[in-house]
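Protein chains in written order, with our numbering: chain L, 3 to 455; chain A, 3 to 455. No residue lacks a Cβ here, since even glycine has one placed at the ideal position from N, Cα and C. Some notes on the structure that comes next.
2 protein chains.
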Amino acid sequence: MNIVLLSGGSGKRLWPLSNDVRSKQFIKIFRQEDGSYESMVQRIYRQIKRADADADVTIATSKSQVSAIHNQLGEGVGISVEPCRRDTFPAIALASAYLVDVKNVDPEDAVVVCPVDPYVEDAYFETLKELSEQARKGEDNLVLIGIEPTYPSEKYGYIIPETAGKTAKVRSFKEKPSADAAKEYIAQGALWNSGVFAYKLKYMMDIAHRLIDFTDYYDLFARYAGLTKISFDYAVVEKEDKILVQRFAGQWKDLGTWNTLTEAMEENVIGKGELNDKCSGVHIINEMDVPVLAMGLHDVVISASPEGILVSDKGQSSYIKPFVDQFEQQIMFAEKSWGSFKVIDVETESLTIKVTLNPGHSMNYHSHRNRDEVWVVISGEGKTVIEGRERKIGIGDVISMSAGRRHTVFAKTELKMIEVQLGRDITVQDKEKFELKKSKRAGNRKSRQSVLQ
Amino acid sequence: MNIVLLSGGSGKRLWPLSNDVRSKQFIKIFRQEDGSYESMVQRIYRQIKRADADADVTIATSKSQVSAIHNQLGEGVGISVEPCRRDTFPAIALASAYLVDVKNVDPEDAVVVCPVDPYVEDAYFETLKELSEQARKGEDNLVLIGIEPTYPSEKYGYIIPETAGKTAKVRSFKEKPSADAAKEYIAQGALWNSGVFAYKLKYMMDIAHRLIDFTDYYDLFARYAGLTKISFDYAVVEKEDKILVQRFAGQWKDLGTWNTLTEAMEENVIGKGELNDKCSGVHIINEMDVPVLAMGLHDVVISASPEGILVSDKGQSSYIKPFVDQFEQQIMFAEKSWGSFKVIDVETESLTIKVTLNPGHSMNYHSHRNRDEVWVVISGEGKTVIEGRERKIGIGDVISMSAGRRHTVFAKTELKMIEVQLGRDITVQDKEKFELKKSKRAGNRKSRQSVLQ
Numbered sequence: 003m004n005i006v007l008l009s010g011g012s013g014k015r016l017w018p019l020s021n022d023v024r025s026k027q028f029i030k031i032f033r034q035e036d037g038s039y040e041s042m043v044q045r046i047y048r049q050i051k052r053a054d055a056d057a058d059v060t061i062a063t064s065k066s067q068v069s070a071i072h073n074q075l076g077e078g079v080g081i082s083v084e085p086c087r088r089d090t091f092p093a094i095a096l097a098s099a100y101l102v103d104v105k106n107v108d109p110e111d112a113v114v115v116c117p118v119d120p121y122v123e124d125a126y127f128e129t130l131k132e133l134s135e136q137a138r139k140g141e142d143n144l145v146l147i148g149i150e151p152t153y154p155s156e157k158y159g160y161i162i163p164e165t166a167g168k169t170a171k172v173r174s175f176k177e178k179p180s181a182d183a184a185k186e187y188i189a190q191g192a193l194w195n196s197g198v199f200a201y202k203l204k205y206m207m208d209i210a211h212r213l214i215d216f217t218d219y220y221d222l223f224a225r226y227a228g229l230t231k232i233s234f235d236y237a238v239v240e241k242e243d244k245i246l247v248q249r250f251a252g253q254w255k256d257l258g259t260w261n262t263l264t265e266a267m268e269e270n271v272i273g274k275g276e277l278n279d280k281c282s283g284v285h286i287i288n289e290m291d292v293p294v295l296a297m298g299l300h301d302v303v304i305s306a307s308p309e310g311i312l313v314s315d316k317g318q319s320s321y322i323k324p325f326v327d328q329f330e331q332q333i334m335f336a337e338k339s340w341g342s343f344k345v346i347d348v349e350t351e352s353l354t355i356k357v358t359l360n361p362g363h364s365m366n367y368h369s370h371r372n373r374d375e376v377w378v379v380i381s382g383e384g385k386t387v388i389e390g391r392e393r394k395i396g397i398g399d400v401i402s403m404s405a406g407r408r409h410t411v412f413a414k415t416e417l418k419m420i421e422v423q424l425g426r427d428i429t430v431q432d433k434e435k436f437e438l439k440k441s442k443r444a445g446n447r448k449s450r451q452s453v454l455q
Numbered sequence: 003m004n005i006v007l008l009s010g011g012s013g014k015r016l017w018p019l020s021n022d023v024r025s026k027q028f029i030k031i032f033r034q035e036d037g038s039y040e041s042m043v044q045r046i047y048r049q050i051k052r053a054d055a056d057a058d059v060t061i062a063t064s065k066s067q068v069s070a071i072h073n074q075l076g077e078g079v080g081i082s083v084e085p086c087r088r089d090t091f092p093a094i095a096l097a098s099a100y101l102v103d104v105k106n107v108d109p110e111d112a113v114v115v116c117p118v119d120p121y122v123e124d125a126y127f128e129t130l131k132e133l134s135e136q137a138r139k140g141e142d143n144l145v146l147i148g149i150e151p152t153y154p155s156e157k158y159g160y161i162i163p164e165t166a167g168k169t170a171k172v173r174s175f176k177e178k179p180s181a182d183a184a185k186e187y188i189a190q191g192a193l194w195n196s197g198v199f200a201y202k203l204k205y206m207m208d209i210a211h212r213l214i215d216f217t218d219y220y221d222l223f224a225r226y227a228g229l230t231k232i233s234f235d236y237a238v239v240e241k242e243d244k245i246l247v248q249r250f251a252g253q254w255k256d257l258g259t260w261n262t263l264t265e266a267m268e269e270n271v272i273g274k275g276e277l278n279d280k281c282s283g284v285h286i287i288n289e290m291d292v293p294v295l296a297m298g299l300h301d302v303v304i305s306a307s308p309e310g311i312l313v314s315d316k317g318q319s320s321y322i323k324p325f326v327d328q329f330e331q332q333i334m335f336a337e338k339s340w341g342s343f344k345v346i347d348v349e350t351e352s353l354t355i356k357v358t359l360n361p362g363h364s365m366n367y368h369s370h371r372n373r374d375e376v377w378v379v380i381s382g383e384g385k386t387v388i389e390g391r392e393r394k395i396g397i398g399d400v401i402s403m404s405a406g407r408r409h410t411v412f413a414k415t416e417l418k419m420i421e422v423q424l425g426r427d428i429t430v431q432d433k434e435k436f437e438l439k440k441s442k443r444a445g446n447r448k449s450r451q452s453v454l455q
């Protein structure tokens, strides 16, 4: 089975855990049997691999998520990187071309496209396999999943099937209706459209070539920024007559708000937190190092991260976005290709961050125009390169870098440092990257020493 | 008027803003006309001085509060320091001896003793003056304030007066009663005992000398640790027949819990915070640098500090102590005689703090057995002394100190530093203090430089 997981953009509806650089699908929120936590993307990837060990998974996403995906799923997973956002049709065309030209998938093979964030049980993946089989048969051009509705939701689009069987031809689609209209559709046997569909690769490539002028994946990638934004529904679904829908009646949740997300949590507290016995329906998701104490609350979600603290009635939690938008704060933590960082102090002319490098990883070789930096190693081992000069580093070593000096650090083990940035105009934009050339070693200085580079 | 303000011990009932080193009376929570905030101790001190510009105020407290008191009230205020806690009678005896022997107050003068934390309007201080006048007359030995009860509280002791006038002889005292008993007392004209009393200094010194063997203040101070713990009620009030009570009918609040404290706040949000319009009766007191967002909550207090986050139904907020006790965390921020510090990162073998020194102040000259330290100056100017060697410091300077090396820092302007502590056994107990002797200057090194001391 070939699966393309659509990993959507950043969002603030799960602030303060999601932000401009961390999307909700990377928040580690689901407890596993061994006591560790996994994210939405880790959960669905594991579920796919359990349903089909040979499943070939490709994540279609933006450049900003590549580091987080590799950190959470390893280097093995395929990633179709959208150079910029151009809506769903160009994204699916690009991922399809990636499968053909990079992964060499047979154009007669089927592909299942699925959002990365549904919260589902394992039976769902059996339905994905059925979708793949139906698409491969080629009797219909698109095969969708239709979720059996549990209530007349106004949040979802509806699929009206022609018949009541497990597999049926699609008669029509209805966009997000009123509750009354939804009730009527459900009475007619309508199903929720969960955004999952399967097609034969050849079918999609034909449409792509008809609508976009390109030769192969590499050419499409290069032209991507110039493409017109167009949705998959508009470009493909609305023009297609031969669409099949496969019913799914099991657990399916769209974890887009704190309200729905906490419903999927197996325990009430993640991170440091305490509830007294007068609390009911309270969830704490705390990524800070200090405890949260909740007393006498009902149906409230509390979430704390280095970005801020949310305390919300669960019903109200879907309305946080405009408030969060006005905070206009800097990014306080992020996962990077090489590890992660967290802002721990902000002053007018300084910024102090904690940097964690994963073993074997390094930063880009770079310099800053307007700030000096000081690194203090607090755990691990590695080496720095400053203006081409290498130096081994370990706990307690201090490295000072004046503005303009090129620098990087390599982690031998996991390496943690306190980085103090000093200057009047500290921004993430103030960074020039360089290629690192091999140079003479500075030798292994054994004594602990502070060095001015 | 001579006033002794009893500044009680640390408490966790206003966690996370009060903790083992910061008592509730030092939390800056009351907005002033200029937009700044004052603490309970600042508010009452300002109110006393407005009621009586010549009032001689002495704060009776423990050693741990001296820095905070000087920081908040200046160096001018008198402080009677209890070397250790020995209950209220020894504390009042010590403060009285301080007035006689250090402040040279006439023993015929009256003294008013008052807790530091009532939230009252200015009329209250006129009643304190009346108390002082009554005590000076000497017709009765103790003069108390009786608060007109507003409901049959079980939290307070009751004073039963002989008559209904503004000033009356006390017939008897009733300890914290049941609500039913309280109702009955109130029907008989009972008043709340607010813990305020006045006496002639000579009267108290006579009792002190009768119960404790000492010559003067200095001798009493030296013997203090050996004194028996005994309450003022037991040692004095219960044995005294000539007690007067002065009625007070104005606003009087005991700000001991979040519920009562937030009632006294003039606005709903202190610090960074937002409430949506579905919130009612919500207070945010946020000492962190990141925002708190509250959505759809009712009668809830949210308080955040580097120690933790409390989210509590206001009615439940008086029950937090046992939960807070179990957190067993390290002190994350504190005011010191020289400024303040805040823990910004905790690792197994390192602790990173932000240190702020007030202009003209310095730390003790000290060393650590088990940890190295690195200072990075992020704002201000000053000088360090390491093993007797002076060095001027400013923004960007890095100072490394190995374990065992004596060090201190002087702030010329306000001076802020990131201090990284490195070692396997980092504790506040690992500190040896030394006397700093004048020594040769190291000269003014102009170049920015990292130094291994």
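Query                                                                                                                                                                                       : Result
Give the single residue among K176/A, E128/A, R249/A, R212/A whose Cα lies nearest to the Cα of A170/A.                                                                                     : R249/A
Can you tell which of S305/A, G310/A, R15/A, D301/A has its C-alpha closest to the C-alpha of G275/L?                                                                                       : G310/A
Considering only the beta carbon of each residue, do Q316/A and G283/A sit closer than 9 Å?                                                                                                 : Before going further, note that residue 316/A is Lys rather than Gln in the sequence given. Yes, the Cβ-Cβ distance between K316/A and G283/A is below 9 Å.
Looking at the C-beta of I322/A, does it have a partner C-beta in chain L at a distance below 9 Å?                                                                                          : yes
Which residue from G384/L, V379/L, T350/L puts its Cα closest to that of G425/L?                                                                                                            : T350/L
Taking the C-alpha atoms as reference points, what is the distance between D208/L and A184/L?                                                                                               : 35 Å
Between the segment 93-102 of chain L and the segment 126-139 of chain L, do at least 3 Cβ pairs fall closer than 8 Å?                                                                      : no
Considering N195/A, what are the terminal residues of the beta strand (DSSP E) in which it resides?                                                                                         : 193-202
Show which residues of chain A have a CB atom less than 8 Å away from the CB atom of N278/L.                                                                                                : Q318, Y321, F325
Relative to the alpha-carbon of V114/A, which residue among F199/A, Q423/A, A224/A has its alpha-carbon at the smallest distance?                                                           : F199/A
Let's see if you can read the secondary structure: which residues bound the alpha helix (DSSP H) around T90/L?                                                                              : 90-103
Less than 6 Å between C-beta atoms, sequence neighbours within five positions excluded: which residues of the same chain meet that for S314/A?                                              : V303
Assess contact between the segment 337-347 of chain A and the segment 62-78 of chain A, defined as three or more Cβ pairs (one per stretch) separated by less than 8 Å. Is contact present? : yes
With burial defined as no fewer than 16 other Cβ atoms inside 10 Å of the residue's Cβ, what is the status of Y126/L: buried or exposed?                                                    : buried
Suppose the cutoff is 6 Å on Cβ atoms and the five residues either side in sequence are ignored; what does the same chain contact list for I355/A look like?                                : F343, V345, E421
Within 10 angstroms of its Cβ, does R371/L collect 16 or more other Cβ (buried), or is it exposed?                                                                                          : exposed
Quick check: the Cα distance between Y47/L and K65/L, rounded to an integer number of angstroms?                                                                                            : 19 Å
Using the Cα positions of E392/A and V271/A, report the straight-line distance between them to the nearest angstrom.                                                                        : 45 Å
Compare the C-beta of P293/A with all C-beta atoms of chain L and state if any pair is closer than 9 Å.                                                                                     : yes
Decide if F32/L is buried, meaning its Cβ has at least 16 other Cβ atoms within 10 Å, or exposed.                                                                                           : buried
Beta-carbon within less than 7 Å of Q451/A's beta-carbon, same chain only, minus the 5 sequence neighbours each way: which residues are those?                                              : Low local confidence applies: a pLDDT of 36 at Q451/A is under 50, so the model's placement there is unreliable, and no value is given.
Using only CA atoms, which one of S320/L, K30/L, N4/L lies nearest to E132/L?                                                                                                               : N4/L
Quick check on this structure: which residue in M42/L, L8/L, A181/L, V104/L has the alpha carbon closest to the alpha carbon of D221/L?                                                     : V104/L
What are the uninterrupted segments assigned as beta strand (DSSP E) that are 3 or more residues long and contained completely in the segment 222-276 of chain L, given in chain order?     : 245-250, 254-256
What is the DSSP secondary structure of H285/A, reduced to helix, strand or coil?                                                                                                           : strand
Relative to the C-alpha of R407/A, which candidate in T415/A, N195/A, E389/A has its C-alpha closest?                                                                                       : E389/A
Just checking my contact of W191/L with P154/L at CB under 8 Å: how many whole Å lie between their CB atoms?                                                                                : Note on identity: in this sequence residue 191/L is Gly, with Trp being the wrong assignment. So it is not a contact: roughly 13 Å between Cβ atoms.
Can you confirm whether E460/L, when its beta carbon is compared against all beta carbons of chain A, has any partner nearer than 9 Å?                                                      : Only positions 3 to 455 of chain L appear in the structure, and residue 460/L is not among them; the question remains open.
Pairing CB atoms from the segment 10-21 of chain L with CB atoms from the segment 41-55 of chain L, are three or more of them under 8 Å?                                                    : no
Indicate whether the contact test is met: 3 or more Cβ pairs, each with one atom in the segment 318-325 of chain L and one in the segment 277-293 of chain A, closer than 8 Å.              : yes
Against chain A, with Cβ distances strictly below 9 Å, would I333/L count as a contact?                                                                                                     : no
Between the Cα of A227/A and those of K178/A, A112/A, P92/A, spot the shortest distance and give me the residue it belongs to.                                                              : P92/A
Indicate the three-state DSSP secondary structure (helix, strand or coil) for H211/L in the structure shown.                                                                                : helix
Going straight from the alpha carbon of I188/L to that of P151/L, what length do you get?                                                                                                   : 7 Å
Report, in whole angstroms, the separation of the C-beta atoms of G159/L and K178/L, which I expect to be a contact under 8 Å.                                                              : 6 Å
With respect to the beta strand (DSSP E) encompassing R391/A, which residues constitute its N-terminal and C-terminal limits?                                                               : 391-395
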